[in-house]
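Worksheet: the structure to be examined is printed underneath.
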Amino acid sequence: MAFFRRRIPYSLGADLLPEEREGLKERLEPEEEKRLTDNMLEVYDRLLPSAESDDRRRQLVRKLERLFNEQWPGRDIKVHVFGSSGNKLCSSDSDVDICITTTYKELEQVCLLAEVLARHGMERVVCVSHAKVPIVKIWDPELQLACDMNVNNTLALDNTRMVRTYVEIDERVRPLAMIIKHWTKRRILCDAGLGGTLSSYTWICLIINFLQTRNPPILPSLQARPHEKKISPEGLVCSFDDDLGNLTGYGRKNKQSLGDLFFQFFKYYGHELDYEKYVVSVREGKLISKEAKGWHLLQNNRLCVEEPFNTSRNLGNTADDTSFRGVHLELRRAFKAASQGDLELCCEQYEYPPEEERSWERPPPQPRPVLTAPPSSRGGRGGGRGGRNSHQYPRGGHNGSRRSSNTPHKSNNFRQASNATKSSASHRETTTCAYPSAIHTVSDASTAGVNRRRQLSLKVRNSEPRSPRNAAPPACLLWHPLPSGCDHGLARQ
Numbered sequence: 006m007a008f009f010r011r012r013i014p015y016s017l018g019a020d021l022l023p024e025e026r027e028g029l030k031e032r033l034e035p036e037e038e039k040r041l042t043d044n045m046l047e048v049y050d051r052l053l054p055s056a057e058s059d060d061r062r063r064q065l066v067r068k069l070e071r072l073f074n075e076q077w078p079g080r081d082i083k084v085h086v087f088g089s090s091g092n093k094l095c096s097s098d099s100d101v102d103i104c105i106t107t108t109y110k111e112l113e114q115v116c117l118l119a120e121v122l123a124r125h126g127m128e129r130v131v132c133v134s135h136a137k138v139p140i141v142k143i144w145d146p147e148l149q150l151a152c153d154m155n156v157n158n159t160l161a162l163d164n165t166r167m168v169r170t171y172v173e174i175d176e177r178v179r180p181l182a183m184i185i186k187h188w189t190k191r192r193i194l195c196d197a198g199l200g201g202t203l204s205s206y207t208w209i210c211l212i213i214n215f216l217q218t219r220n221p222p223i224l225p226s227l228q229a230r231p232h233e234k235k236i237s238p239e240g241l242v243c244s245f246d247d248d249l250g251n252l253t254g255y256g257r258k259n260k261q262s263l264g265d266l267f268f269q270f271f272k273y274y275g276h277e278l279d280y281e282k283y284v285v286s287v288r289e290g291k292l293i294s295k296e297a298k299g300w301h302l303l304q305n306n307r308l309c310v311e312e313p314f315n316t317s318r319n320l321g322n323t324a325d326d327t328s329f330r331g332v333h334l335e336l337r338r339a340f341k342a343a344s345q346g347d348l349e350l351c352c353e354q355y356e357y358p359p360e361e362e363r364s365w366e367r368p369p370p371q372p373r374p375v376l377t378a379p380p381s382s383r384g385g386r387g388g389g390r391g392g393r394n395s396h397q398y399p400r401g402g403h404n405g406s407r408r409s410s411n412t413p414h415k416s417n418n419f420r421q422a423s424n425a426t427k428s429s430a431s432h433r434e435t436t437t438c439a440y441p442s443a444i445h446t447v448s449d450a451s452t453a454g455v456n457r458r459r460q461l462s463l464k465v466r467n468s469e470p471r472s473p474r475n476a477a478p479p480a481c482l483l484w485h486p487l488p489s490g491c492d493h494g495l496a497r498q
């Protein structure tokens with residue numbers, strides 16, 4: 006069973022941090038600023054992707070596009086990179102994010118893609134069909150690249166193109182953004198899905214808005230400048246001014262160094278911004294009031310970052326009040342280190358305290374797929390042992406009085422995943438079966454670390470009868486290797 010840790014403990018509390026304006030360092034000493042700038046440029050050079058890494062990403066795009074068009078000829082399938090691979094903010098070890106565009110709507114059922122990819126040698130294939138944007142995760146053993154892909158999520162392509170335009174306007178944007186992204190990874194603050202912090206895209210929006218609000222500004226609001234309007238398939242205005250001929254050098258009046266901008270970024274978000282009143286808006290190029298957005302009454306809206314195109318979406322709500330308090334503390338910690346011109350201390354790797362291991366670890370949330378049970382050879386209802394001992398009925402009728410594997414954990418530090426308990430762990434070392442047609446979702450978290458070989462199949466928890474105390478939920482899908490010579494595709498029943 007794979008485990009993960011929530012980055013910010015609930016024991017930290019959820020109150021907003023008090024102001025600490027008095028005695029704050031206003032600017033770096035010249036030697037501190039120079040040392041910080043030089044160290045940032047050195048780290049930036051190490052983070053830049055190599056030419057070989059860029060070539061492997063291009064090979065992956067061509068490989069997938071060829072594979073899909075051979076599998077579904079005449080469907081005009083295109084493969085595009087988005088995210089850091091497309092906006093010039095990736096490093097050599099970054100995953101590849103891919104958007105597949107096609108008029109063939111059947112591919113939006115992404116598990117169809119997963120089946121084909123598994124048959125063609127991809128490893129660690131995971132279909133996450135229950136997500137807001139369904140994705141398939143793969144590992145290409147030939148190119149040594151991890152990849153997440155979606156189908157027809159074209160808004161992600163517009164976001165990527167906009168971020169890339171911002172990056173190309175001023176030469177300071179790319180190194181500043183890559184160093185701050187490096188800091189978020191070292192401090193484990195860039196995991197919106199499992200860790201409860203913020204996504205990489207949210208951090209990029211915070212960086213862009215910070216540069217928009219400098220005096221004089223380093224970046225403009227691309228959406229506020231004159232441009233031809235474009236409407237997305239979702240009905241959103243997703244256009245912006247991308248004429249780099251008129252945009253390059255926009256921030257030349259601002260003479261701040263890279264080190265000073267790094268220092269001021271943490272000062273701004275650690276001590277200056279009033280999170281109770283304002284929304285960070287890249288679209289407007291400034292702060293706007295929560296009251297004007299109507300976000301002042303909503304829960305879990307302490308950090309408000311407006312999505313530039315889908316303006317009703319708050320990118321900051323992946324962090325609850327406790328997580329935001331932890332992120333805010335990390336911003337202040339980074340400011341303190343940057344105040345000394347110490348980049349190494351600022352980006353020191355975060356280590357989980359060992360004494361908190363038991364209270365932090367929990368099984369990741371998993372979907373509850375339903376297996377269509379075969380007819381019982383012993384009669385009764387619903388297969389299994391039949392009668393009221395089938396999986397449809399709790400044995401002994403004590404469902405309400407006995408704590409089951411579905412009962413939420415009472416610890417204040419986490420919620421127990423509904424279908425993953427230690428009591429059922431011993432039943433997972435069981436048999437291989439065909440891919441049940443009734444199962445449509447696979448949790449990516451549930452498969453982490455299980456597959457270690459190139460041949461893949463699905464494994465389902467043992468369906469043999471169990472005692473009531475050890476009864477497990479109907480099924481949990483895991484990838485595991487097949488014996489040599491077996492077909493590693495997803496077999497259909």
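Taking the numbering used here, the leading residue of the sequence shown gets 6, the next gets one more, and so forth. Glycine included, C-beta positions come from ideal geometry on N, C-alpha and C. Only a predicted model underlies this, so the values are computations on that prediction, with no experimental measurement involved.
{"Query": "Complete runs of the alpha helix (DSSP H) confined to the region 239–320 [at least 4 residues]", "Result": "249–252, 263–272, 295–298"}
{"Query": "Proximal residues to PHE268 (C-beta, below 6 Å), its chain only, five neighbours per side dropped", "Result": "LEU33, ALA343"}
{"Query": "Whole-angstrom distance between LYS137 and VAL156, CA atom to CA atom", "Result": "12 Å"}
{"Query": "At least 3 beta-carbon pairs within less than 8 Å: the region 186–200 vs the region 7–22", "Result": "yes"}
{"Query": "Every unbroken beta strand (DSSP E) within the region 81–109, with a cutoff of 3 residues, ordered by chain", "Result": "83–87, 101–106"}
{"Query": "Own chain residues within Cβ distance below 8 Å of ARG191, not counting five before or after", "Result": "CYS352, GLU353, GLN354, TYR355"}
{"Query": "Residues near ARG471 in its chain [Cβ-Cβ closer than 6 Å; skip 5 each side]", "Result": "The predicted position of ARG471 is uncertain, since its pLDDT is 41 and thus under 50; a value taken from the coordinates is nonetheless stated next. For ARG471, where only same-chain residues beyond five positions count, there are no Cβ hits under 6 Å."}
{"Query": "Reference GLU25; option with closest CA among LEU17, ARG338, ASP347", "Result": "ARG338"}
{"Query": "DSSP bridge partner residues for GLU128 (one or two, in chain order)", "Result": "TRP144"}
{"Query": "Secondary structure of ARG3, DSSP reduced to three states", "Result": "As displayed, the chain neither begins before 6 nor continues past 498, which places residue 3 out of reach and without an answer."}
{"Query": "ALA151 in three-state terms, based on DSSP", "Result": "strand"}
{"Query": "Alpha carbon of LEU263 to alpha carbon of LEU181, nearest angstrom", "Result": "7 Å"}
{"Query": "Rounded C-alpha distance that separates ILE174 from ARG124", "Result": "43 Å"}
{"Query": "C-beta contact flag for ALA151 and ASP100 at 8 Å", "Result": "yes"}
{"Query": "Where LYS258 falls, given that 16 or more other Cβ within 10 Å makes a residue buried", "Result": "exposed"}
{"Query": "Distance between LYS341 and GLY28 (C-alpha atoms, nearest Å)", "Result": "12 Å"}
{"Query": "CA-to-CA distance, THR42 to GLU36, given in whole angstroms", "Result": "10 Å"}
{"Query": "CYS95 versus ASP265: straight-line alpha-carbon distance, rounded", "Result": "23 Å"}
{"Query": "Member of ILE143, LYS110, PHE245 whose CA lies at the smallest distance from the CA of VAL121", "Result": "ILE143"}
{"Query": "ARG247 versus LEU17: straight-line alpha-carbon distance, rounded", "Result": "The sequence shown places Asp at residue 247, not Arg. Approximately 43 Å between the Cα atoms of the pair."}
{"Query": "Option in THR253, GLY91, ALA19, PRO359 with minimal Cα separation from ARG166", "Result": "GLY91"}
{"Query": "Proximity of HIS187 and VAL48 at Cβ, strictly below 8 Å", "Result": "yes"}
{"Query": "Reference SER204, options GLN345, GLN149, CYS195, LEU211, closest by Cα", "Result": "CYS195"}
{"Query": "Alpha-carbon to alpha-carbon, THR253 and GLU176", "Result": "9 Å"}
{"Query": "Nearest candidate by alpha-carbon position, reference PHE245, set SER317, ILE140, LYS235", "Result": "LYS235"}
{"Query": "Burial state of ASN220, where buried means 16 or more other Cβ atoms lie within 10 Å", "Result": "exposed"}
{"Query": "Cβ-based burial, SER97 [other Cβ within 10 Å; buried from 16]", "Result": "exposed"}
{"Query": "Residues that DSSP places opposite VAL133 in a beta bridge", "Result": "ILE140"}
{"Query": "Minimum C-alpha distance to PHE271 - residue among ILE184, ALA161, GLN228", "Result": "ILE184"}
{"Query": "Under the three-state DSSP convention, the category PRO23 falls into", "Result": "coil"}
{"Query": "Pairwise C-alpha distance: GLY126 and ARG63", "Result": "18 Å"}
{"Query": "Cutoff 8 Å; reference THR108; Cβ partners in own chain excluding five residues on either side", "Result": "ARG80, ASP81"}
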